Amino acid sequence: MNEAVRHIVCPHCDSVNRLPAARDASAAKCGKCSKPLFSGAPAPATTAGFAKQIERNDIPVVADFWAEWCGPCHAMAPSFARAAAEMEPKMRFLKVDTEAEPQLAARYQIRSIPTLIVFRGGKIVGQRAGAMNAGALRDWLAQYV
Numbered sequence: 010m011n012e013a014v015r016h017i018v019c020p021h022c023d024s025v026n027r028l029p030a031a032r033d034a035s036a037a038k039c040g041k042c043s044k045p046l047f048s049g050a051p052a053p054a055t056t057a058g059f060a061k062q063i064e065r066n067d068i069p070v071v072a073d074f075w076a077e078w079c080g081p082c083h084a085m086a087p088s089f090a091r092a093a094a095e096m097e098p099k100m101r102f103l104k105v106d107t108e109a110e111p112q113l114a115a116r117y118q119i120r121s122i123p124t125l126i127v128f129r130g131g132k133i134v135g136q137r138a139g140a141m142n143a144g145a146l147r148d149w150l151a152q153y154v
């Protein structure tokens, strides 16, 4: 009998892991690098691994496009981290530094930061610009889980 599986991309080495769909993924480790697949915190994203993260994960991926100099980005960071702690492993949370990864900011036409984009199967299913508090962020993300 074939067991249903889901694909989860490691935030550390970008390897695609196959996990039984019925298994709680919160304590799962990467089969390649042995690091946790979920840490309860947003993972930094790079141009090199971003496409794999948004295309190969079988869970929704939310990316926070931010910059070090952005006050609203810093104000929203604790809310984003809290949402990651509460919603992983149902969603993957990524942080994209638009100064370090300008190619990603250009590809997704980021004009205002912070901007949040939710991906499923490599496609954008939700996008929102501007800082949100933890409750508003959780409520907005809940529709994509």
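With the working numbering as the guide, the letters of the sequence shown map in order to residues 10 to 154.
Ideal Cβ placement from N, Cα and C applies to all residues, glycine included.
Since this is a predicted model, take the numbers as computed values, not measurements.
What's the call for residue i, buried or exposed, on a 16-neighbour Cβ count within 10 Å?
i    : result
V70  : buried
P51  : buried
M10  : For M10, the predicted model reports a pLDDT of 45, less than 50, meaning its position is unreliable and no value from the coordinates is stated.
N26  : buried
E77  : exposed
P123 : buried
P29  : exposed
I133 : exposed
Just grab the DSSP bridge partners of residue i for me.
i    : result
W78  : Bridge partners of W78: none, in fact.
P53  : K104
R45  : Reading off the sequence shown, one finds Pro at residue 45, where the question assumed Arg. According to DSSP, which records beta bridges pairwise, P45 is partnered with K38.
R129 : K132
N26  : I17
T147 : Before going further, note that residue 147 is Arg rather than Thr in the sequence given. None, per the DSSP bridge assignment.
Tell me, to the nearest whole angstrom, how far the beta carbon of residue i is from that of residue j; I am working on the premise that it is less than 8 Å.
i   : j   : result
P98 : F47 : 5 Å
Confirm, please, whether the CB-CB distance from residue j to residue i is below 8 Å.
i   : j    : result
M96 : V154 : yes
D67 : I17  : yes
A94 : R147 : no
I63 : G131 : yes
Inset, instruction - With a floor of 4 residues, list each alpha helix (DSSP H) that falls wholly inside the stretch 90 to 122, ordered by position along the chain. - result: 111 to 116
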